[in-house]
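**Student:** Chains as they are written, first to last, in our numbering: chain A, 5 to 336; chain B, 27 to 406; chain C, 8 to 233.
I am attaching a structure below and will ask some questions about it afterwards.
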Amino acid sequence: MILQTPILALLFASALAGLVALWAGWFSFRVLRHWDVASGSRQQLTLERSTQLVSTLFGFVMLIEIATLFLFVFNADRMAALFVGAMCAVGTLNVNPYGFPALYLKIAVFFAAALWLILDRLDRAGYDYPLTRLKYAAILGIAPLVLASAATELAYFANLKTDVITSCCSKLYTPANEGLVADMTGLAPANALWLLANAGGAVLLSGISVLWLGRGERLLAFFGAGLFFAALTAIVSVISLYVYDHPNHHCPFCLLKREYGYFGYALYLPLFAGTVWALGAGLVRSIPCGDSLAAVVPEAVRRLTVLSLTAFLLFGVAVFWAVARSHLILLG
Amino acid sequence: MTGWLRRQRALADYTLAALARRRVKNAGLLLIYALVVFIVASATLFSSAIRKEAEIVLAEAPELIIQDLVMGRHAMISGELVEELVGIRGVSGVKGRLWGYFYDRVNGANYTLMVPLDETLVPARGEAIFGEALPRTRGLNWDKAPLFLSRFPGDLFRLNPAGRLESDSALVSADLILIGEEDFRSFFELPEGVYTDIAVSIRNSREIGTIVEKAGRLLPHARLITRDEISRTYQKLFSWREGIMVVLAGACVLAFAVFAAEKASGLSAEETREIGILKAIGWDTGDVIAMKLWEGGLISIGAFLLGTVLAYLHVFAFDAALFASVLKGWSVIYPDFALTPMIDGLQLSALFFLTVLPYTAATIVPIWRAATADPDQVMR
Amino acid sequence: MISLQSVSKLYNEGRPSETTALSGIDLEIARDALTVFKGPSGSGKTTLLSIIACMARPTSGRIYVDGRMTSGLPESFLAKERRRTFGFVFQRFNLIRGLTVMENVLLPTAPLGGNPQADIDRAAARLDTLGLGPKANVAVEHLSGGEAQRAAIARALINDPPVLIADEPTANLDTELALRFLDIVAGLRAEGRAVIMTSHDARIWGSELVDKVVSMRDGRLDEGTS
């Protein structure tokens, strides 16, 4: 086990999140069993009062989980210096079998947390607790995810041994391997960019449809998710090549290093944000909202759509910039 | 959006005024909190700075060092091997190094004598360049004072000073004595053609692994040490020490969090009344919670800034006087050097999480409890 | 504009210490009217006032304000209703010590996120009307009884509520200040606001400004008109 400040901070944050998730989960059971807005009983009033606390605390924890995703990745990159064969976060995460699962779980929690916060905000805007039941049912789904993420992270950090030789990203991100990652890596640059452009176009069109026609939020969410995967594929197969000025360096994590100007963050932050907001727009439209939210929902959806499109646009600008300033010539 | 910002600003204004009204209590809390941050931050900053120093210093080191082993122990290596190593593709330079330890019975210290690889640094016959600890520990009080080393009773080997090594590099050079090759061989009674070890420079860092393999086949009995391995060892050592300190400080942080929770729960009658009034004039529970979170936030940020700035000064202006011995380790000679000031975004965020998070988490429940009191109580 | 239907309030419900503060209250309060609640202590006047002002929720019954039902609202919406519709002046004024008059008056505006300069202008204008203009930056501990009451009134009116509620407003004032208070109330009625008060003070009930006097005893109404 490596006792380092960032690791201690991450473990503490996870432990806190896990505890709150457990407590919120237990409270959710109570809500789902006894909640009845129409009754004015004392139990109901106590529940209503307590939901304010639980929502605040859970919301706080969700914010922490979002922040620690970035801390986790940043730290993994930094720690590469401690491991033989590691040059970037990939090496650090590969030291034991828990590294990548911990990362994927954190990403899943990130999305769940952001969507829950959107739901919570909407619920507070209604005068009759319109989404409270749904919100707490969602907590029952998110809490296990948070706990799993915390456990995996603990297992990962507890099993970090520096005398293990780990593999470099060039071994992982090469077309010669088997599996999904290899397929992504091996995709021809032109195809990857074409895929990305199409996904981006679909998102743009559905976004415009939402803003002008007031319809198409679910399409936006769907295409947003599609764009997310298309973007990740494009990053691995072609965009990273432009950033590194190297025809064979496909690693999506080395982008986060200082020597590349931390460019990875300019790509990933808007991409993740844009995806979350697109999904949020679709979610808000899909859930049954009562009368109390009738006025609020259209405005909320609009806002989420605008945010999403802006974020994806920023992502597009970053991609364009990476390709334009690169010395590498891959196409034509 | 502006409405939200304005609301936050108004709440923050009220909070500042409220904090000022209970100056003594809040100042006490802030100072204790800042102390906790100070401890954790000092450990972190110091350790990062030393690791950074090690990194900088090692950057100049050769990529590969080859030592001969006899019966498992380090022995002198033959100069003929230099020719063989030069032939490996990718090797940009091979040089035999001469260095050795000397135990000084006068003060119980170990010095390192070395012939510099850089020819411009080699002193003249009979002269030496001293590391900055030498004059201090041997009482060489004036610039021209010579150093006498005694290898055995009755022996006196004289070295005239040709200069001193700057304290900027004191981390590695405090106990160093640089002399010429002839003096070195005469001091240690070494024949020509043998060296302590061989330094190999490699152009492309990606090829180090391959070259190490080839050298290993060439010299199966030799020990091959790469620069990366040395770097990793130092990083690990100081990280581990830092970690221990932080864990101990972590206990402080948690104790402080409990203390903060207690404080937050025990609202004075005055504060309870104030909250009741605020709710009666139109603030809802959410507003009161927001205001209390601002209170906690302002104190946290104040304590974090104060603690971190003091830690920064402590480590970089006062050389971490309080913790240095724990973190540097045991030695007779402590290098007297100034660490290069540096701030690391990762460490700062980690510090922030470790200190602000426990406090905020501990106070949320008491805050909520205070904020949900019914306003009509205030009228009785 | 305010309608109460079968409103009751129990404290410590279901426990041995259960007390009935209000029982079966039916009441209509008109716009522009000055309504006074009178009755001995313990009759439930203050409880009724706090329920009307959306500071507490009734145990049963309904309350409508301008046609909107407020009795079932969650706490955050109750607070919205409260600050939108009601301004409250407490018996003991309840100004926050350590703040100036102006700061106290501006307190209800903080959660609203409105234009700060507009709020300050409104506050200054109201203080001038009440004769407190020169004392705007004085700390409230240094105010006399009458001045403190006027500061409390200014605070209650800062968000322009249609209803002002005052609990025993003249209890701590001498006759001259009590009459001055009635002048202020007349001014507010002229502005189109409803004023609801509780009072032990015969000077108040007897005033010709009062539109309706409501007597209370043991948590029930003895309705009367003037």
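Yeah, the Cβ is synthetic: ideal placement off N, Cα and C, and Gly gets one too.
Determine, using beta-carbon pairs with one atom in the region 250-265 of chain B and one in the region 82-98 of chain B, whether at least three such pairs fall under 8 Å.
**Tutor:** By the Cβ test, the region 250-265 of chain B is in contact with the region 82-98 of chain B, since at least three Cβ pairs between them sit closer than 8 Å.
**Student:** Which class does Thr138/B belong to by DSSP, given the choice of helix, strand or coil?
**Tutor:** On the second sequence, position 112 is the one that residue 138/B refers to. It is a strand residue.
**Student:** Quick one: complete alpha helix (DSSP H) runs, 4+ long, within the region 59-119 of chain A?
**Tutor:** Within the region 59-119 of chain A, the complete alpha helix (DSSP H) runs of at least 4 residues are 93-97.
**Student:** Would you mind telling me which residues of chain B sit closer than 9 Å to Gln56/A, beta carbon to beta carbon, in chain order?
**Tutor:** Numbered from its first residue, the first sequence carries residue 56/A at position 52. In chain order: Thr311, Gly312, Ile315, Trp394, Ala397, Thr398.
**Student:** Could you check whether the Cβ of Thr9/A sits closer than 8 Å to any Cβ belonging to chain B?
**Tutor:** For the purposes of this step, residue 9/A is taken as the residue at position 5 of the first sequence. Yes, because at least one Cβ of chain B sits closer than 8 Å to the Cβ of Thr9/A.
**Student:** Any residues in the region 125-142 of chain A with a beta carbon nearer than 8 Å to a beta carbon of chain C? Which ones, in chain order?
**Tutor:** When CB distances to chain C are screened at a threshold of 8 Å, the residues of the region 125-142 of chain A falling below it are Arg128, Tyr131, Asp132, Tyr133, in chain order.
**Student:** Rounding to the nearest angstrom, what Cα-Cα distance links Leu318/A and Pro274/A in this structure?
**Tutor:** Position 314 of the first sequence, counting from 1, holds the residue named residue 318/A. Position 270 of the first sequence, counting from 1, holds the residue named residue 274/A. Approximately 6 Å, taken between the alpha carbons.
**Student:** For the region 262-273 of chain A, list every residue whose C-beta sits within 7 Å of some C-beta in chain C, in sequence order.
**Tutor:** Answer in chain order: no residues at all.
**Student:** Can you say whether Trp394/B is buried or exposed, counting buried as having 16 or more other CB atoms within 10 angstroms of its CB?
**Tutor:** Sequence index remark: in the second sequence, residue 394/B carries index 368 (1-based). Trp394/B comes out buried.
**Student:** Taking Cβ to Cβ, would you say Thr398/B is nearer than 8 Å to Ala286/B?
**Tutor:** Position 372 of the second sequence, counted from the first residue, corresponds to residue 398/B. Position 260 of the second sequence, counted from the first residue, corresponds to residue 286/B. No, the Cβ-Cβ distance between Thr398/B and Ala286/B is not below 8 Å.
**Student:** For the alpha helix (DSSP H) holding Phe319/A, just list the boundary residues, first then last.
**Tutor:** Mapped onto the first sequence, residue 319/A falls at position 315. The continuous alpha helix (DSSP H) containing Phe319/A extends over residues 300-329.
**Student:** At 9 Å on the CB atoms, spell out the chain B contacts of Phe114/A, in chain order.
**Tutor:** As a first step, residue 114/A is located in the first sequence; it is residue number 110 there, counting from the start. By Cβ distance, chain B contributes nothing, its closest Cβ being about 16 Å from Phe114/A, past 9 Å.
**Student:** One question on the structure: do Glu300/B and Ile103/C come within less than 8 Å of each other, judged by their Cβ atoms?
**Tutor:** Here residue 300/B corresponds to residue number 274 of the second sequence, with the count starting at 1. Here residue 103/C corresponds to residue number 96 of the third sequence, with the count starting at 1. Cβ atoms of Glu300/B and Ile103/C: closer than 8 Å.
**Student:** Are the C-beta of Trp30/B and some C-beta of chain C separated by less than 8 Å?
**Tutor:** As a working mapping, residue 30/B is identified with position 4 in the second sequence. By this cut-off, Trp30/B is an interface position.
**Student:** Just tell me which of Ser32/A, Ile143/A, Leu7/A has its CA closest to the CA of Met83/A.
**Tutor:** Here residue 83/A is taken as the residue at index 79 of the first sequence, counted from 1. Ranking the options by Cα distance to Met83/A, first place goes to Leu7/A.
**Student:** Using the C-alpha atoms, what's the distance from Thr314/A back to Leu23/A?
**Tutor:** As a first step, residue 23/A must be located in the first sequence, where it is residue number 19. As a first step, residue 314/A must be located in the first sequence, where it is residue number 310. Roughly 36 Å between the two C-alpha positions.
**Student:** Straight-line CA distance for Arg187/C to Lys305/B?
**Tutor:** Translated into positions along the third sequence, residue 187/C becomes position 180. Translated into positions along the second sequence, residue 305/B becomes position 279. Between Arg187/C and Lys305/B, the C-alpha separation is close to 28 Å.
**Student:** If you count every other CB in all the chains shown that lies within 10 Å of the CB of Gly204/A, and 16 or more means buried, which is it?
**Tutor:** Counting from 1 along the first sequence, the entry for residue 204/A is found at position 200. When all chains shown are included, Gly204/A counts as buried.
**Student:** Find the nearest neighbour of Arg31/C within the set Ala131/C, Gly21/C, Gly51/C, judged by alpha-carbon distance.
**Tutor:** One-based indexing of the third sequence puts residue 31/C at position 24. Inspection of the sequence shows that residue 31/C is occupied by Gly rather than by Arg. Here the closest residue by C-alpha is Gly51/C.
**Student:** Should Cys272/A go down as buried or exposed, given a rule of 16 or more other Cβ atoms within 10 Å for buried?
**Tutor:** For this step, residue 272/A is matched to residue 268 along the first sequence. Sequence inspection shows Tyr at residue 272/A; the Cys mentioned does not correspond to that position. Its Cβ being crowded by 16 or more others within 10 Å, Tyr272/A is buried.
**Student:** If we count Cβ pairs, one from each stretch, closer than 8 Å, do we get three or more for the region 210-221 of chain C versus the region 40-54 of chain C?
**Tutor:** yes
**Student:** Pull up the distance between the alpha-carbon of Ile303/B and that of Tyr108/A, whole angstroms please.
**Tutor:** To locate residue 303/B, count along the second sequence from 1; it is residue 277. To locate residue 108/A, count along the first sequence from 1; it is residue 104. Answer to the nearest angstrom: the Cα atoms are 48 Å apart.
**Student:** Just list the beta strand (DSSP E) runs in the region 145-232 of chain C, keeping only unbroken ones of 3 residues or longer that don't cross its boundaries, in chain order.
**Tutor:** 170-174, 201-205, 219-224, 227-232
**Student:** If you drop the 5 nearest sequence neighbours on each side, which residues of the same chain put their C-beta closer than 7 Å to that of Asp39/C?
**Tutor:** What you label residue 39/C is simply residue 32 of the third sequence in a count that begins at 1. Closer than 7 Å at the Cβ level, and outside the excluded window around Asp39/C, lie Arg196, Gly199, Ala201.
**Student:** Taking the alpha-carbon positions, what's the Trp356/B to Glu268/B distance?
**Tutor:** Within the second sequence, residue 356/B is the residue found at index 330, counting from 1. Within the second sequence, residue 268/B is the residue found at index 242, counting from 1. At Trp356/B, the pLDDT of 49 sits below 50, so the modelled position is not reliable and the matter cannot be decided from this model.
**Student:** Can you give me the C-alpha to C-alpha distance between Thr178/A and Thr70/B, rounded to a whole angstrom?
**Tutor:** As a working note, residue 178/A is residue 174 in the first sequence. As a working note, residue 70/B is residue 44 in the second sequence. The straight-line gap from Cα to Cα measures roughly 38 Å.
**Student:** Sort out for me which residues DSSP pairs Gln12/C with in a bridge.
**Tutor:** Locating residue 12/C in the third sequence gives position 5, where the first residue counts as 1. Arg69/C, per the DSSP bridge assignment.
**Student:** Rounded to the nearest angstrom, what separates Gly140/C and Ser48/C at their Cα positions?
**Tutor:** Working through the third sequence from its first residue, we reach residue 140/C at position 133. Working through the third sequence from its first residue, we reach residue 48/C at position 41. In a straight line, the C-alpha of Gly140/C is about 36 Å away from that of Ser48/C.
**Student:** Are the CB atoms of Leu208/A and Leu334/A within a distance shorter than 8 Å?
**Tutor:** Your numbering for residue 334/A matches position 330 in the first sequence. Your numbering for residue 208/A matches position 204 in the first sequence. No, these two residues do not count as a Cβ contact at 8 Å.
**Student:** How should Ala80/B be labelled, buried or exposed, when 16 other C-beta atoms within 10 angstroms of its C-beta is the threshold for buried?
**Tutor:** In the second sequence, counting from the first residue as 1, residue 80/B sits at position 54. Its Cβ being crowded by 16 or more others within 10 Å, Ala80/B is buried.
**Student:** Here's a check: name, in chain order, each residue in its chain whose Cβ is nearer than 8 Å to the Cβ of Ala63/C, leaving out the five neighbours to either side.
**Tutor:** Counting from one through the third sequence, the residue named residue 63/C turns up at place 56. Lys16, Thr54, Ser57.
**Student:** Distance check for Arg33/B and Ala125/C, CA to CA, integer angstroms please.
**Tutor:** For this step, residue 125/C is matched to residue 118 along the third sequence. For this step, residue 33/B is matched to residue 7 along the second sequence. Within the model, the alpha-carbon separation for Ala125/C versus Arg33/B is close to 14 Å.
**Student:** When DSSP builds the beta bridges, which residues end up paired with Ser104/B?
**Tutor:** Reading the second sequence from its first residue, position 78 is the one you call residue 104/B. Its beta-bridge partners are Val220/B.
**Student:** Between the C-alpha atoms of Ala154/A and Ala117/A, what's the straight-line distance to the nearest angstrom?
**Tutor:** Along the first sequence, read from residue 1 onward, the residue named residue 154/A stands at position 150. Along the first sequence, read from residue 1 onward, the residue named residue 117/A stands at position 113. In a straight line, the C-alpha of Ala154/A is about 14 Å away from that of Ala117/A.
**Student:** If we ignore side chains and look at the alpha-carbon of each, how far apart do Gly348/B and Ser68/B end up?
**Tutor:** As a position in the second sequence, residue 348/B is number 322, starting the count at 1. As a position in the second sequence, residue 68/B is number 42, starting the count at 1. In the sequence under discussion, the amino acid at residue 348/B is Leu, which differs from the Gly named in the question. In a straight line, the C-alpha of Leu348/B is about 9 Å away from that of Ser68/B.
**Student:** Please classify Asp313/B: does DSSP put it in a helix, a strand, or coil?
**Tutor:** Walking along the second sequence from the start, residue 313/B turns up at place 287. Three-state result, Asp313/B: helix.
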